[in-house]
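>
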Amino acid sequence: MTRDGWLAAHPYLQPVADVHALVEAAAAEAFVPVAPIPNWEDYADDFRAGVPLLHSSNAAIDLGRLEDAVLSLIQKLTSPPLPRTLAEQCQILEAELRGVRAAPSVAEAGVPTWDSFSPTNPGLFRYVVWAVLVRFLSPVVSAFDGWRNEEHWLRNYCPTCGEAPAMAQLVGKDPGRLRKLSCGRCKTRWRYRRTGCPFCDAQDEHRLAVVAIEGEGGLRIDYCETCRGYLKTYDGEGSESLMLADWTSIHLDLIARNRGLKRLAASLYDL
Ligand SMILES: [Zn+2]
Ligand SMILES: [Zn+2]
Numbered sequence: 000m001t002r003d004g005w006l007a008a009h010p011y012l013q014p015v016a017d018v019h020a021l022v023e024a025a026a027a028e029a030f031v032p033v034a035p036i037p038n039w040e041d042y043a044d045d046f047r048a049g050v051p052l053l054h055s056s057n058a059a060i061d062l063g064r065l066e067d068a069v070l071s072l073i074q075k076l077t078s079p080p081l082p083r084t085l086a087e088q089c090q091i092l093e094a095e096l097r098g099v100r101a102a103p104s105v106a107e108a109g110v111p112t113w114d115s116f117s118p119t120n121p122g123l124f125r126y127v128v129w130a131v132l133v134r135f136l137s138p139v140v141s142a143f144d145g146w147r148n149e150e151h152w153l154r155n156y157c158p159t160c161g162e163a164p165a166m167a168q169l170v171g172k173d174p175g176r177l178r179k180l181s182c183g184r185c186k187t188r189w190r191y192r193r194t195g196c197p198f199c200d201a202q203d204e205h206r207l208a209v210v211a212i213e214g215e216g217g218l219r220i221d222y223c224e225t226c227r228g229y230l231k232t233y234d235g236e237g238s239e240s241l242m243l244a245d246w247t248s249i250h251l252d253l254i255a256r257n258r259g260l261k262r263l264a265a266s267l268y269d270l
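Read in order, the letters of the sequence shown are residues 0 to 270 in numbering that gives the first Met the number 0.
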């Protein structure tokens, strides 16, 4: 499945696709430093204890280095061709950020923020920070995938950044089928138990209920009858970058919400 084919079948996603493409293009132009690859042996004990990489002082990844890149991206977004309301919100955000920039710090779940910074539009701020963060971390995420022993994680939060999963993917063929969880923030994919709810303690043979959706390229909604948490799940392989991108399946979030289900990962589209 290609991006264009997907948009032709889901024309209502076009405005989201346009904004996404504009922000990606601006982020590609912004100067984003690249995180150094940590010394894995220094981090190994924390990994076994369940500490995500970005939360480990032994991995020493300094997110404070992203502040300039975040501000630079916001500046790029303050002018057209971004839709006018969004460009105006970026102007407000830029002014707010400059106001608190005197006191930079790193806080809250390893995401760079500024002391007592509570922007008018936190969803927009998060979206911009994530666009920068994913570029900063990309080589680390690849190297971490190569180093990590998945059997020693199997946790319900991202081994890289600690975020709850935004989506899941089923890979391989039975009897060896695996479920992977996908982070909406840093794009790490990690292995999880095949059955059980990643959001609550309903484990073991407990199976999630499924909302199958016709003609959605293998996408479906898995949800837990105990906690009502849901995961959009891609039952397929080969189109991961499109099908696990989160924005490409925002219509499934609406279906889930209309059924009274809860999304437990932060959504970029709170903005
Ligand atoms: Zn992550
Ligand atoms: Zn649950």
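Just so you know, even glycine gets a beta-carbon here, dropped at the ideal spot from N, CA and C.
No experiment lies behind these values; they were computed from the predicted model shown.
Just to confirm the assignment, what range does the beta strand (DSSP E) spanning Arg219 have?
Along the sequence shown, one-based indexing puts residue 219 at 220. Here the beta strand (DSSP E) through Arg219 covers Leu218 to Tyr222.
> Measure the Cβ-Cβ separation of Leu132 and Leu85 and say whether it is below 9 Å.
Taking the first residue of the sequence shown as position 1, residue 132 is located at position 133. Taking the first residue of the sequence shown as position 1, residue 85 is located at position 86. Their beta carbons are not under 9 Å apart, which means Leu132 does not touch Leu85 by this criterion.
> Please state the DSSP three-state secondary structure of Met242.
Start at 1 with the first residue of the sequence shown, and residue 242 comes out as number 243. Three-state result, Met242: helix.
> If you drop the 5 nearest sequence neighbours on each side, which residues of the same chain put their C-beta closer than 8 Å to that of Glu107?
Locating residue 107 in the sequence shown gives position 108, counting from the first residue. Residue placement at Glu107 is flagged as unreliable, the pLDDT there being 45, under the threshold of 50; a coordinate-derived value is accordingly withheld.
> So, for Gln13: in the same chain, excluding its five sequence neighbours on each side, which residues have a beta-carbon less than 7 Å away from its beta-carbon?
Stepping through the sequence shown from its first residue, residue 13 is reached at position 14. Leu6, listed in sequence order.
> Give me the Cβ distance between Ile73 and Glu87, rounded to the nearest whole Å; I'm assuming they're in contact under 8 Å.
Here residue 73 corresponds to residue number 74 of the sequence shown, with the count starting at 1. Here residue 87 corresponds to residue number 88 of the sequence shown, with the count starting at 1. Not really, about 12 Å apart at Cβ, beyond 8 Å.
> Could you tell me if the beta carbon of Glu149 falls within a distance shorter than 8 Å of some heavy atom in ligand 1?
Here residue 149 refers to the residue found at position 150 of the sequence shown. Outside the cutoff, so no.
> Cβ-heavy atom distance between Thr247 and ligand 2 below 8 Å?
Walking along the sequence shown from the start, residue 247 turns up at place 248. It does not: the Cβ of Thr247 is nowhere closer than 8 Å to a heavy atom of ligand 2.
> Ala59 and Phe135: beta carbons closer than 9 Å?
In the sequence shown, the residue the question calls residue 59 occupies position 60. In the sequence shown, the residue the question calls residue 135 occupies position 136. The answer is no: Cβ separation not under 9 Å.
> Reducing DSSP to helix, strand and coil, say where Tyr271 ends up.
With the chain covering only 0 through 270, there is no way to say anything about residue 271.
> Does any heavy atom of ligand 2 sit closer than 8 Å to the C-beta of Thr194?
In the sequence shown, the residue the question calls residue 194 occupies position 195. Checking every heavy atom of ligand 2 against the Cβ of Thr194, none is found closer than 8 Å.
> Is the beta carbon of Ala68 closer than 9 Å to that of Val31?
In the sequence shown, residue 31 corresponds to position 32, counting from 1. In the sequence shown, residue 68 corresponds to position 69, counting from 1. Contact: yes.
> If you check the beta carbons only, do Lys172 and Arg190 fall under 9 Å apart?
Taking the sequence shown and counting its residues from 1, the one referred to as residue 172 is at position 173. Taking the sequence shown and counting its residues from 1, the one referred to as residue 190 is at position 191. No.
> From which residue to which residue does the beta strand (DSSP E) around Phe189 run?
Residue mapping note: residue 189 aligns to position 190 of the sequence shown, counting from 1. Checking the displayed sequence, the identity of residue 189 turns out to be Trp instead of Phe. First-last of the beta strand (DSSP E) with Trp189: Arg188 to Tyr191.
> Roughly how many angstroms separate the alpha carbons of Asn57 and Trp146, rounded to a whole number?
Residue 57 sits at position 58 when you count from the first residue of the sequence shown. Residue 146 sits at position 147 when you count from the first residue of the sequence shown. So the two alpha carbons sit approximately 16 Å from each other.
> Do the region 213 to 221 and the region 241 to 252 touch if we need at least three Cβ pairs shorter than 8 Å?
Flag = yes, the region 213 to 221 and the region 241 to 252 touch.
> Taking Arg256 as the reference, which of Asp234, Asp221, Tyr233 and Gly237 has the closest Cα?
Taking the sequence shown and counting its residues from 1, one reaches residue 256 at position 257. Of the candidates Asp234, Asp221, Tyr233 and Gly237, the one whose C-alpha sits nearest the C-alpha of Arg256 is Asp221.
> In terms of alpha-carbon separation, which member of Trp39, Leu70 and Met0 lies closest to Ala26?
Taking the first residue of the sequence shown as 1, we reach residue 26 at position 27. Checked all of Trp39, Leu70 and Met0; the closest Cα to Ala26 is Leu70.
> Check whether the Cβ atoms of Phe198 and Ala165 sit closer than 9 Å, and answer yes or no.
Taking the first residue of the sequence shown as 1, we reach residue 198 at position 199. Taking the first residue of the sequence shown as 1, we reach residue 165 at position 166. It is not a contact, given that the beta carbons lie outside the stated cut-off.
> Can you tell me whether Gly195 is buried or exposed? The criterion is at least 16 other CB atoms within 10 Å of its CB, across all chains shown.
Locating residue 195 in the sequence shown gives position 196, counting from the first residue. Looking at its Cβ environment, which holds 16 or more other Cβ atoms inside 10 Å, Gly195 is buried.
> Let's test the definition: count the other Cβ atoms within 10 Å of the Cβ of Gly109 and tell me whether it reaches 16, buried, or not, exposed.
Position 110 of the sequence shown, counted from the first residue, corresponds to residue 109. Because Gly109 sits at a pLDDT of 43, beneath the cut-off of 50, its placement in the model cannot be relied upon, and the point is left open.
> Assuming Pro51 and Cys160 are in contact, meaning their beta carbons sit under 8 Å apart, how far apart are those beta carbons, in whole angstroms?
On the sequence shown, position 52 is the one that residue 51 refers to. On the sequence shown, position 161 is the one that residue 160 refers to. Rounded, the Cβ-Cβ distance is 6 Å, consistent with contact.
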